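Engineer: First the structure, then my questions, so here it is.
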């Protein structure tokens, strides 16, 4: 690729109130801005395609991560790296350690869709011979270079232009072919009965083991939904998570994403000890070992690492076999610690990252039948009362929100439902929470 | 050559003017009177009076936007509208008051709960069944009860099949859905004879921040459009507009807004009344003069100019509400077309009820 050279550039990014920020980046040549790489510290390479890549890389400008260098390169440059990973994934892990190496380097999130949609049109020619050079030339004359460009252009106008061209039939066939490719880009349509059957078959309820919370949430945390636990510090949120993890791990696998070193195996063992009802100590120990091996714990300390873990989880879930122990619970303790630093630095990029994370979690929950439990903390609101952190944009992300608080002077905790799909009456969580007396109940965990 | 062509054209002109003479008279004969036209339009495109949007007669071809802070029952209104659409007008002797058409739900918030939807549909079916004549007869016999249950289940299944749902996790999926919607609608019509009457979009501004965040890069290349917030929104509005030309439907979209003033909920109960003046800019501040309740309009002008809009609020339940004492009262105000008063309504499992 000697034709292209790395160019160093400096982009001035102007903030809303006139503040200026300078972002440094390396920009490769020109054209097809389809993929962004983020070099983490230690030479690790993480890729995320499409819009998220641009978000991440833009966020890195402003967050100013000192170890990060953003490379912006066209598709041709990255293609030699992507093709092998794609083949390896599709051949189902035949070269195990080679794949592991690549996987450490690349998150495989939608690599195949990357190849198809963001790549220039000529990559599609082998699969769809109708997209021949004349079609591509026609599209290029209207500023369309990849399938993604078709989405923001007016296809009816394009068809009208095609009509005036000499080879109008062929061009229109090409447009129809692209439309059928676009049809694969979105989720499938369901009707009500299919949705209901899927809900009955897959979207069960996982009991947390805490009577009060199970009662409030209607049986436990729902698979396919994002449940949020909010509360001031030491209000029992991590304890609830550990208890839930230990309860679910008996039958399913659990992934615990830990941001503040709050995961405690001793605590899990303690909770399990109360549940497991076997006489001999040896048998008890065996069961304990088995159940605890069902809980995977990852420590992450920034949001990009969390994206990495989630993308790896997604590719793992896509290829996991149907039998055996399935992963059913994902806990993020706590998501606010990851998002708050990015949220504070810049209003646009931070919010975009936060919403991106929220949508990824919801996607994992729905498509792979996971229950997602996230922890948020509180900040001071108007009038001195506390309200959940992460602002108003985050409010629309979780399905259910549960507010935990500690009753002073005792070992009991209170839980209050802020939002639930079955609950149509809202609870204003930015006014004084103490005044809403309904729906709270003692958890009775009895932390001793 | 020239002469003959001139003669030809003159002859043509003469001929056409004679024709025109006789045509001119036929032009003056009316096709239909205004009353006939009104009747025809009303049967083909009836007005929908869905509570709580009953104040403005909306019909197929309109785009309605429901704006409000989170948890102000916007999605619930959409769901009740969908249920009204998929229920038949009459079935097995019981009148359900629905439209009997399909409804499509595009879920951009990805928070739709199908179990809740089916509960609400069941409630409506039971309620209509129990308030009809059949229900008044005593349910003495077991067989009668079982038959009733069977009919209800059949009705439930046929209604659920008329409800179509899709999720979108980002704006490229949303645009892809809109672009292929035309073919999907045609296919549904040919395959099942389903006519989609209602298109519901939950949270039209869901990807606003995501798209805004991605606009730092602009690709170089001749007249190539970048994935900019402006371009994406324009493409979206254009697709919806085109779709409405070919498949007339009622489009209802919710939009989450962030109210500027944190004390808003307390001040709302105080005053009703005059309307805010809105100015047509890209981001306008709609202020309600009595309430000092600014919220920032973040959707671009192309969307704002296209739709009718109304706003929902939740208010503190200081207002006593006799029929439904346990439910919150919500307020709805029409911004476009502007109305002079507010509607109070409450939501229950069986629907949306207007108070006063």
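Residue numbers (full-length UniProt numbering), protein chains in the order written: chain A, 1 to 448; chain B, 1 to 356. Cβ coordinates follow ideal geometry from the N, Cα and C atoms, glycine included. As the structure is a computational prediction, the values presented were derived from the model and not from experiment.
Name, please, each residue of chain B whose Cβ falls closer than 9 Å to the Cβ of residue 421 (chain A).
Structural biologist: 111, 112, 113, 115 and 116
Engineer: If you draw a straight line from the alpha carbon of residue 63 (chain B) to that of residue 372 (chain A), how long is it in whole angstroms?
Structural biologist: 35 Å
Engineer: I want to see whether chain B comes within less than 7 Å of residue 164 (chain A), judged by CB atoms only; does it?
Structural biologist: So, not an interface residue.
Engineer: With distances taken between CB atoms, is the gap from residue 172 (chain A) to residue 162 (chain A) smaller than 7 Å?
Structural biologist: yes
Engineer: From the DSSP output, read off the bridge partner residues of residue 104 (chain B).
Structural biologist: B:164 and B:199
Engineer: Identify whether residue 191 (chain A) lies in helix, strand or coil by the three-state DSSP scheme.
Structural biologist: strand
Engineer: Decide if the region 115-129 of chain B is in contact with the region 176-196 of chain B; the criterion is three or more beta carbon pairs, one per stretch, under 8 Å apart.
Structural biologist: The region 115-129 of chain B and the region 176-196 of chain B do not touch, with fewer than 3 CB-CB distances between them shorter than 8 Å.
Engineer: Note the first and the last residue of the continuous beta strand (DSSP E) segment covering residue 265 (chain A).
Structural biologist: Residue 265 (chain A) -> not in any beta strand (DSSP E); alpha helix (DSSP H) instead, spanning 265-275.
Engineer: Among A:188, A:241 and A:234, which residue has its Cα nearest to the Cα of residue 213 (chain A)?
Structural biologist: A:241
Engineer: From this set, B:251, B:197, B:87 and B:190, which residue's C-alpha is nearest residue 152 (chain B)'s C-alpha?
Structural biologist: B:87
Engineer: For residue 401 (chain A), list the residues DSSP reports as bridge partners.
Structural biologist: A:228 and A:419
Engineer: So, at 6 Å on beta carbons, what are the nonlocal neighbours of residue 152 (chain A) in its own chain, with the 5 sequence-adjacent residues on each side left out?
Structural biologist: none
Engineer: I'd like the list of long-range same chain contacts for residue 233 (chain B), defined as Cβ closer than 8 Å, with 5 residues on each side in sequence excluded.
Structural biologist: A distance below 8 Å between beta-carbons, with the five flanking residues on each side excluded, links residue 233 (chain B) to the following residues of its chain, in chain order: 211, 299, 300, 302 and 303.
Engineer: Excluding sequence positions up to five away, which residues of its chain have a Cβ less than 8 Å from the Cβ of residue 244 (chain B)?
Structural biologist: 61, 63 and 251
Engineer: If I follow the unbroken beta strand (DSSP E) through residue 114 (chain B), where does it start and stop?
Structural biologist: Residue 114 (chain B) -> not in any beta strand (DSSP E); alpha helix (DSSP H) instead, spanning 114-130.
Engineer: Would you please state the rounded distance, in angstroms, between the beta carbons of residue 116 (chain B) and residue 421 (chain A)? I believe it to be under 8 Å.
Structural biologist: 5 Å
Engineer: Return the Cβ separation of residue 375 (chain A) and residue 306 (chain A) in integer angstroms, given the expectation that the two are a contact with Cβ distance under 8 Å.
Structural biologist: Residue 375 (chain A) to residue 306 (chain A), Cβ: 13 Å. No contact.
Engineer: On a Cα-Cα basis, can you pick out the residue from A:290, A:221 and A:168 that is closest to residue 139 (chain A)?
Structural biologist: A:168
Engineer: Where are the alpha helix (DSSP H) runs, 4 residues long or more, that stay fully inside the region 214-258 of chain A, in chain order?
Structural biologist: 237-248
Engineer: Could you check whether the Cβ of residue 177 (chain B) sits closer than 7 Å to any Cβ belonging to chain A?
Structural biologist: yes
Engineer: Given residue 223 (chain A), which residues of its chain have a CB within under 6 Å of its CB, disregarding the five upstream and five downstream residues?
Structural biologist: 203, 204, 369 and 371
Engineer: Looking at the C-beta of residue 344 (chain B), does it have a partner C-beta in chain A at a distance below 7 Å?
Structural biologist: By the rule that beta-carbons nearer than 7 Å mark a contact, residue 344 (chain B) does not touch chain A.
Engineer: Just the Cα atoms here: how many angstroms apart are residue 28 (chain B) and residue 198 (chain B)?
Structural biologist: 39 Å
Engineer: Are the CB atoms of residue 404 (chain A) and residue 231 (chain A) nearer to each other than 7 Å?
Structural biologist: yes
Engineer: Could you tell me how far apart the beta carbons of residue 109 (chain B) and residue 203 (chain B) are, in whole angstroms, since I believe they sit closer than 8 Å?
Structural biologist: 4 Å
Engineer: CA-CA distance, residue 380 (chain A) and residue 205 (chain B)?
Structural biologist: 27 Å
Engineer: Secondary structure at residue 111 (chain B), three-state DSSP: helix, strand or coil?
Structural biologist: Residue state, collapsed to three classes: coil.
Engineer: For a contact defined as C-beta to C-beta under 7 Å, what are the partners of residue 204 (chain A) on chain B?
Structural biologist: The contacting residues do not exist; residue 204 (chain A) stays about 11 Å from chain B at best.
Engineer: Leaving aside the five residues before and after residue 159 (chain B) along the sequence, list all residues of the same chain whose C-beta is less than 7 Å from its C-beta, in chain order.
Structural biologist: Closer than 7 Å at the Cβ level, and outside the excluded window around residue 159 (chain B), lie 86, 87 and 121.
Engineer: Below 8 Å, can you find three or more Cβ-Cβ pairs linking the region 260-275 of chain A to the region 310-329 of chain A?
Structural biologist: no
Engineer: Applying the criterion that 16 or more other CB atoms from any shown protein chain within 10 Å of the CB defines a buried residue, is residue 150 (chain B) buried or exposed?
Structural biologist: exposed
Engineer: State the DSSP-derived secondary structure class of residue 208 (chain A), mapped to helix, strand or coil.
Structural biologist: coil
Engineer: Do you know how far the Cα of residue 157 (chain B) is from the Cα of residue 186 (chain B)?
Structural biologist: 23 Å
Engineer: Within the 7 Å Cβ cut-off, does residue 233 (chain B) reach chain A?
Structural biologist: no
Engineer: Pairs of beta-carbons, one from the region 322-334 of chain A and one from the region 238-254 of chain A, closer than 8 Å: are there three or more?
Structural biologist: yes
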